[in-house]
Amino acid sequence: MRASDRRGRIASDDDHADEWRGAFESREVEALHSEAFDHDVVEEFGWQKQTRDYSLGWVCARVAAVDFEDHLRSLSFDACGFAETNAVMIRLKDGTLNIDH
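Using the working numbering, the letters of the sequence shown map in sequence onto residues 379 to 479.
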């Protein structure tokens, strides 16, 4: 077995889990890709086959809860340059988060 074929948990706690070559749904990757590259979502792209055939590896990061902590305000806005925004997060029936701003 090649090292790139191995799967497994990298890090995990109550709030998140990172997994090397973790399982994912194509729709999850397509949503990220369409937002990053400013294009419409392609419903049946097939990201699983694409990564299996052409990637040495990937990391799946799952976040159970997203919370803004006031003591990290300076890090978020000053050091990292994030912009403050008004947003509402709604947990959907399938467990994903929908961010409405």
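Think of the CB as a built atom: it goes at the ideal place given N, C-alpha and C, for glycine as much as any other residue.
Ignore the nearest five residues each way along the sequence and tell me which others in residue i's own chain have a CB closer than 7 Å to its CB.
| i | result |
| --- | --- |
| A409 | V419 |
| A439 | H394 and D396 |
| K427 | none |
| H417 | none |
Starting from the C-beta of residue i, find all residues in its chain whose C-beta is less than 6 Å away, skip the five residues before and the five after it, and write them out in chain order.
| i | result |
| --- | --- |
| S454 | F460 |
If you count every other CB in all the chains shown that lies within 10 Å of the CB of residue i, and 16 or more means buried, which is it?
| i | result |
| --- | --- |
| W425 | buried |
What's the C-alpha gap between residue i and residue j?
| i | j | result |
| --- | --- | --- |
| E406 | T429 | 13 Å |
| C458 | D448 | 15 Å |
| E422 | S412 | 13 Å |
| D456 | A401 | 35 Å |
| S404 | F415 | 16 Å |
| W436 | W398 | 6 Å |
| A431 | V441 | Checking the displayed sequence, the identity of residue 431 turns out to be Asp instead of Ala. Spanning the two alpha carbons is a distance of roughly 27 Å. |
| S433 | R451 | 36 Å |
For the ligand FAD, I want to know if residue i counts as a neighbour, meaning its beta carbon is within less than 6 Å of at least one of the ligand's heavy atoms.
| i | result |
| --- | --- |
| W436 | Of ligands this structure carries none, so the ligand FAD is not represented either. |
> In chain order, which continuous runs of the beta strand (DSSP E) of length 3 or greater are located wholly inside the region 428-457?
Replying inline: 437-441
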